[in-house]
Amino acid sequence: MTQKQPPYKADKDNQDERAIPYTLGNLEAGEPCCIPKAHLQVQNLSVSYNNITVLDDVSLDIHKGCITALIGPSGCGKTSFLSALNKLTDLTASAEVKGSILFDTQNLVSDKIDVMALRRRIGMIFQQPNPFPLSIWRNLDLPLREHGFRNKSVRRKKIEKSLQDVGLWDEVKDRLQDSALALSGGQQQRLCIARALVLEPEILLMDEPCSALDPISSCVVEELILRLQGKYTVIIVTHNLAQARRIANYAAFFWMKERVGKLIEFGQCQHLFETPKDDLTAAYISGAKG
Amino acid sequence: MADQIFKAVILACTAFIGLVFLWILGEVVVKGISHLSFSFLFDAPVNSGRAGGIAPILVSTLMIIIVAVSVSVPLGLGVAVWLSEFTKQGQKFATSTRLTLDVLAGIPSIVYGLFGNAFFCIYLGLGFSILSGGLTLACMILPIFIRTCEMGLRTVNDSWRKGALALGMTRTAAIWHILLPSATPAIIAGLVLGIGRATAETAALIFTSGYVDRMPESFMDSGRALAVHIYDLSMNVTGGDHAAYATALTLIILIVFFNIMAQFMMDQWLGRKVLSS
Amino acid sequence: MALLKTSFLFLSSLKHQPDRTLSFFLAILAALSGLLLLLVILFLAKEAWPGLTNGGWRSFLTHKSWYPLEGMFGIFPMIWASLAMMFGAVLIAIPLGLSAAIVMRFYIPPTSLLAQAYRLILGLLAGIPSVVYGLWGLTVLVPLIGQLHPPGASLLAAILILALMILPTIALTALAALEAIPKTILSGAAALGMSQKGQILSVALPAARMGIIGGILLSMARALGETMAVLMVAGNVVQNPDSLFAPVRALTANIALEMAYATSFHRASLFASGLLLTFLVFLLSWFASRNMGNNHYG
Ligand SMILES: Nc1ncnc2c1ncn2[C@@H]1O[C@H](COP(=O)(O)OP(=O)(O)OP(=O)(O)O)[C@@H](O)[C@H]1O
Ligand SMILES: [Mg+2]
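Chains as they are written, first to last, in the numbering used here: chain A, 240 to 529; chain B, 46 to 322; chain C, 6 to 303.
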């Protein structure tokens, strides 16, 4: 990354009163960028596959403009939780979601939702970078076209901007027509992030975005996520506790009890890591468990 | 010792097969080339094909293939997409469709000939025509084409589907812009397989597209395919062997040419998809 | 098999109108292609009907031979001829095809020029039109057999040509099955001090037997359904195949020979033999697909 960009400021969304009020009682205000207002309000969410519950009774608020880290052992339902938020669980015929997810006055679980529009507002990044087997340019161009941006120069501006936002512009601007699959793993992941950002989502779901990357690329992506703070609401799953600690404002700790994933503790990142309320949390973050 | 004998025996068998096959190919090439010439390709057959060339037969063959391909490709591609992208595992309708296609793939070509004769020529009143022959071949190559395309689509990286949907794209867009282009090699392979079958086919054509060796003027004309010509020359025309071999050589060259062209088209198309915006 | 495991992502409820339209449209196409089988069977049956009703089917079984002009429609000589050709061809093609597969798998390195050329030839031959085999048989093989025992066009000629035609299929499927055996099994056998012959015959072939048998059944189906090559070299005299050098007529060849002028009951009996053929071939392919672990679908 050549140019250091100024941190994003919480913008006019601040005054947007339309959003769901903050409900989980008094959390002390986090970092300055963090607005104590729920962007997504998850209540009693449970997910099951083939009638086997894998995630049970999760309630938490995702705060606007903040980075929320989800931590916990493998198989405790973090990915399932994320998929429920943008309704990717629809893709698995056997999956069933119960409870409620309030987003912008709508309940994502029970209401009739235009999923295509929803997924535009809630983007997702996967563990394995998955750029399409197209040119770098077309990877970003295609989603824009599909969402009805007909004007080529508008698309060009958006693409350039989002590539700059992820710090990829300088690296690829001379080879936009090359295959995206020729990029390195870290570049591919940043391209995927750019591809999500180009649609200007409000919320970004990231499922272990760094775990398939080498330490340096991982660092670059991490910095990038930090820069998203304030401008986007980010929910990130990570197995790297140090990383969660470095970048997250809030942290949620999931654990399996009797083979069912549960939310054990949720709170400000600092509190969860330094003064955990639950013994399980304390054990997990000190490396005794998991 | 036993080991040595075993090895010697199977090596001998293998070499023997190779030699026999080289013999067949050699026979076709040597006997064919002596009769093959520019005018052979561009003249009409004279004296039942003993003299003259195969121009009308080449044209008929190509027209039959065009009919077969232009019917089976859109239909087959649609069914393959539906099977791989829109059906659940174990869904009754899909399972029975697959089973049906399997059975269709196994039906001998002469039986397709019977069916084509009864259905296209007589029932639909198309008569002995290139259209009837092409449609019969379309039925014959449809199952193989669908199977290869479906396999190709299934092997497409699942994460692209997920990625496309997570971006709020419709399935239709994902299929059109990402899945089908990625499955192109398989689609082309299926196409080549189908064209190969269609070009080589004789039994299904004798009673559907017919025997007439005049230059066809429309798809409703009867037309003789290359393979039928070889059959006729060797069985019914004494002294037609040389022309038969030359036609056989042409046929083989044509099949090899289709293969190479398909490979080339595949490279081109993949290249273009990736390289342009 | 791994291919089939890819999770089926596009399954559940379609939320978007264009998707629903497309799915509906494609389902109709699929139904159409499925209906094709029904159509084929329906029309074969419709045409065969006059030959089967009113006890007509009995003439197939009771008449001694097939003289349509004299109203005799005994089908058995041709069934025996078809079966004799099929089994004869497989008997010859199995050892040869397996040898080729074993050699390519165990005796020559797969990357060597020789191996690649051999594969190329096999692939090319699998794609050569059957009438070209027939042409070669008619002009080269039949005269050779004729020198041995006139007239030449005979069951033996048909068997040899069919064997050549199915050889590539048997060799290539057997090769694929051999290549799919896990390395550990073979090195285990080698570690026991087995000779290479022992490894191949008592470990590799048994381990690959499902794929090999599947390939053999498939090629039997192909041999049974083959028309042109058989028509061109077998001599086409309707009689029981009582000698290798006897000219015989296969079921398929019979259809091809007589469809041109057959009418009424005669035509119906040709369609009936077509139905019978379809049924036999279907049985073989069904066994094949069961054997190959449903290899070609899921
Ligand atoms: N499509 C599915 N069908 C059935 N069960 C599933 C499916 N997807 C996930 N599961 C099950 O749900 C549970 C939670 O899976 P999930 O992927 O959400 O865990 P995770 O916390 O993301 O784990 P990891 O850290 O390894 O990614 C697991 O027990 C898994 O086996
Ligand atoms: Mg996960």
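Ideal Cβ positions, reconstructed from N, Cα and C, are used throughout, including at glycine.
Find the residues of chain B that neighbour Tyr112(C), judging by a C-beta separation of less than 9 Å, and give them in chain order.
Simply Lys52, Ile55, Leu56, Thr59.
According to DSSP, Trp71(C) sits in a beta bridge with which residue or residues?
The partner list for Trp71(C) (beta bridge, DSSP) reads Phe78(C).
Could you check the C-alpha separation between Ala32(C) and Tyr138(C) for me, to the nearest Å?
Cα-Cα distance, rounded: 40 Å.
Looking at the secondary structure, which residues open and close the alpha helix (DSSP H) in which Leu191(C) lies?
Element bounds for Leu191(C): 188-196.
Any heavy atom of ligand 1 within a distance shorter than 7 Å of the CB on Tyr168(B)?
Not under cutoff, so the answer is no.
Using the three-state DSSP reduction, which class does Met363(A) fall into: helix, strand or coil?
Strand.
Would you list, in sequence order, the uninterrupted beta strand (DSSP E) runs of no fewer than 3 residues that lie entirely inside the segment 314-398 of chain A?
Complete beta strand (DSSP E) runs here, min 3: 334-342, 361-364.
So what does DSSP say about Met46(B), is it helix, strand or coil?
Residue state, collapsed to three classes: coil.
Kindly examine ligand 2 and report whether one of its heavy atoms sits closer than 7 Å to the Cβ of Val476(A).
Yes, the beta carbon of Val476(A) sits closer than 7 Å to at least one heavy atom of ligand 2.
In the DSSP assignment, the alpha helix (DSSP H) including Asp300(A) goes from what residue to what residue?
Here Asp300(A) belongs to no alpha helix (DSSP H); instead the beta strand (DSSP E) covers 291-302.
Starting from the C-beta of Leu223(C), find all residues in its chain whose C-beta is less than 6 Å away, skip the five residues before and the five after it, and write them out in chain order.
Excluding residues within five positions, the ones whose Cβ falls inside 6 Å are Ala293.
Taking Ala226(C) and Gly151(B) to be in contact with their CB atoms under 8 Å, please state how far apart those CB atoms are, rounded to whole angstroms.
Correct: roughly 6 Å between the Cβ atoms.
Do the segment 168-176 of chain C and the segment 97-105 of chain C meet, that is, are 3 or more Cβ pairs less than 8 Å apart?
Flag = yes, the segment 168-176 of chain C and the segment 97-105 of chain C touch.
For a test of your reading of the model: does the CB of Thr307(A) fall under 7 Å from any non-hydrogen atom of ligand 1? Yes or no.
Thr307(A): no, Cβ never under 7 Å from ligand 1.
So which residues put a beta carbon under 5 Å from any heavy atom of ligand 1, going in chain order?
The set, ordered by position in the chain, is Tyr288(A), Val293(A), Ser313(A), Gly314(A), Cys315(A), Gly316(A), Lys317(A), Thr318(A), Ser319(A), Thr331(A).
Whose C-alpha, out of Pro440(A), Glu461(A), Thr520(A), is nearest the C-alpha of Lys470(A)?
It is Pro440(A) whose Cα lies nearest to the Cα of Lys470(A).
Could you give the distance in angstroms between the alpha-carbon of Leu210(B) and the alpha-carbon of Tyr256(B)?
In a straight line, the C-alpha of Leu210(B) is about 53 Å away from that of Tyr256(B).
Spatial neighbours of Gly161(B) within its chain, please: CB distance less than 8 Å, with the 5 preceding and 5 following residues excluded, ordered by chain position.
Cβ neighbours of Gly161(B) beyond the five flanking positions: Ser177, Gly178, Leu180, Thr181, Cys184, Ala249, Phe252, Thr253.
Output yes or no for whether 8 Å exceeds the beta carbon distance between Leu236(B) and Val118(B).
Yes; because the gap between Cβ atoms is below 8 Å, this pair is in contact.
Between which two residues does the alpha helix (DSSP H) harbouring Tyr123(C) extend?
Tyr123(C) -> alpha helix (DSSP H) spans 118-131.
Considering only residues of the segment 215-239 of chain B, which uninterrupted beta strand (DSSP E) runs meet the minimum length of 3 residues and lie entirely inside it, listed in chain order?
Fully enclosed beta strand (DSSP E) runs of 3 or longer: not present.
Output, in chain order, the set of chain A residues within a Cβ distance shorter than 9 Å of Lys137(B).
In chain order: nothing, as chain A lies at least about 15 Å away.
Which residues in chain B have a C-beta closer than 9 Å to the C-beta of Phe365(A)? List them in chain order.
Those within 9 Å of Phe365(A) in chain B are Ser204, Lys207, Gly208, Ala211.
Is any beta-carbon of chain B found at less than 8 Å from that of Tyr266(C)?
Not closer than 8 Å to any Cβ of chain B, the Cβ of Tyr266(C) fails to qualify, so no.
Looking at the structure shown, is Leu407(A) part of a helix, part of a strand, or coil, going by DSSP?
Coil.
Would you call the segment 368-385 of chain A and the segment 460-470 of chain A in contact, with 3 or more CB pairs under 8 Å?
No contact exists between the segment 368-385 of chain A and the segment 460-470 of chain A.
Touching or not, the segment 105-113 of chain C and the segment 173-192 of chain C, by the rule of three or more beta carbon pairs under 8 Å?
Contact holds: three or more Cβ-Cβ distances are below 8 Å.
Whole-angstrom Cβ separation of Ile503(A) and Phe492(A), contact assumed at under 8 Å?
Contact flag correct, Cβ pair sits at about 5 Å.
With respect to 7 Å, is the separation between the Cβ of Asp446(A) and the closest non-hydrogen atom of ligand 2 below this value?
Yes, since a heavy atom of ligand 2 falls inside the 7 Å radius drawn around the Cβ of Asp446(A).
Which whole-angstrom value describes the C-beta separation of Thr374(B) and Gly39(C), a residue pair presumed to lie in contact below a C-beta threshold of 8 Å?
What is shown of chain B runs 46 to 322, which leaves residue 374(B) out entirely.
Is His287(B) close to chain A, meaning its C-beta is less than 8 Å from at least one C-beta of that chain?
No, because no Cβ of chain A sits closer than 8 Å to the Cβ of His287(B).
How would you label Arg63(C), buried or exposed, when you count the other beta carbons within 10 angstroms and need 16 or more for buried?
Looking at its Cβ environment, which holds fewer than 16 other Cβ atoms inside 10 Å, Arg63(C) is exposed.
At 9 Å on the CB atoms, spell out the chain C contacts of Met280(B), in chain order.
Correct list: Gly139, Leu143, Leu236, Met237.
Please check if any C-beta of chain B sits within less than 8 Å of the C-beta of Leu422(A).
Chain B contact via Cβ: absent.
For Ser174(B), tell me which candidate among Ser263(B), Met280(B), Thr132(B) has the shortest Cα-Cα distance.
It is Ser263(B) whose Cα lies nearest to the Cα of Ser174(B).
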